[in-house]
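Numbering-wise (this note's numbering), the sequence shown opens with residue 7 and increments by one.
Where a beta carbon is used, it is the ideal one built from N, C-alpha and C, also for glycine.
It should be emphasised that the depicted structure is a prediction, and the values quoted were computed from it without experimental measurement.
For reference, the structure discussed in these notes is given below.
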Amino acid sequence: MRRLYFLLPDVDCARELVEDLLLHRVEERRIHLLARRGTPLEDLPEASVAQRTDLIPALERGAAVGGATGALAGLVAITVPPAGLVLGGGAVLTMAALGAGFGAWASSMLGISTPNSQIKQFQDAIEAGKILMMVDVPKSRVDDIERLVRQHHPEAEIGGTEPTIPPFP
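Now the structure itself:
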């Protein structure tokens, strides 16, 4: 999947583009709109916390670092067992799982309070009243969707394509 970014001048233009995308078989759950705070999007698909913040990337990094740290702690516990306890490979797995869980939780708390790093370039335009539309499409449909936007919505600014999107946004 690829994420396409479009800047739209107003809500009416966003509504028209959403309707065109739906007619071209883009699922509504793959369309995300982000507007300045207080802008009524009504029934349009609004961006969730996962799209507005760095929650998913932070969660992934935290789980990886926590899991590695937990595995290392498990290896140390096996090598130098506390109070003469005999520990096996299960200790490494348990410590890795606990570390991954704690790391994911702790880093997600930071990630949810950080704006999405991919949309920082659009922040000034959003604050000026434009609408950011993010559309997740298969790689094979990127050119078709961009062509649709160019032909039917010349007022829309194409903001680029994110090479990959998180597996569960």
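Would you report the Cα separation of residue i and residue j, rounded to the nearest angstrom?
i	j	result
Gly-117	Gln-57	11 Å
Leu-154	Glu-163	13 Å
Ala-97	Lys-136	53 Å
Ala-102	Ala-69	9 Å
Ala-89	Val-148	60 Å
Glu-25	Met-7	21 Å
Pro-175	Leu-91	Since pLDDT at Pro-175 reaches only 49, below the 50 mark, its modelled position is unreliable, and the value read off the structure follows with that caveat. Going from the Cα of Pro-175 to the Cα of Leu-91 covers about 43 Å.
Pro-15	Val-71	41 Å
Leu-10	Gly-165	7 Å
Ala-110	Thr-59	15 Å
Leu-78	Phe-12	44 Å
So which of the options has the shortest CA-CA distance to residue i?
i	options	result
Ser-54	Ala-64, Arg-67, Leu-39	Leu-39
Lys-145	Thr-167, Asp-26, His-30	Thr-167
Glu-66	Gly-107, Ala-131, Arg-43, Glu-152	Gly-107
Leu-61	Phe-128, His-158, Ser-119, Ala-79	Ser-119
Please state whether DSSP places residue i in a helix, a strand or coil.
i	result
Pro-175	At Pro-175 the pLDDT is 49, less than 50, meaning the model places this residue with poor confidence and gives no usable figure here.
Val-32	coil
Gly-76	helix
Ile-37	strand
Asp-26	helix
Pro-63	helix
Pro-46	coil
Glu-161	coil
Assign residue i to one of two classes, buried (16 or more other C-beta atoms within 10 Å of its C-beta) or exposed (fewer than that).
i	result
Pro-160	exposed
Asp-142	buried
Met-140	buried
Ala-41	buried
Ser-113	buried
Gly-80	buried
For residue i, which residues does DSSP report across the bridge?
i	result
Asp-16	Its beta-bridge partners do not exist; DSSP assigns none.
Glu-168	Arg-9
Glu-52	Leu-39
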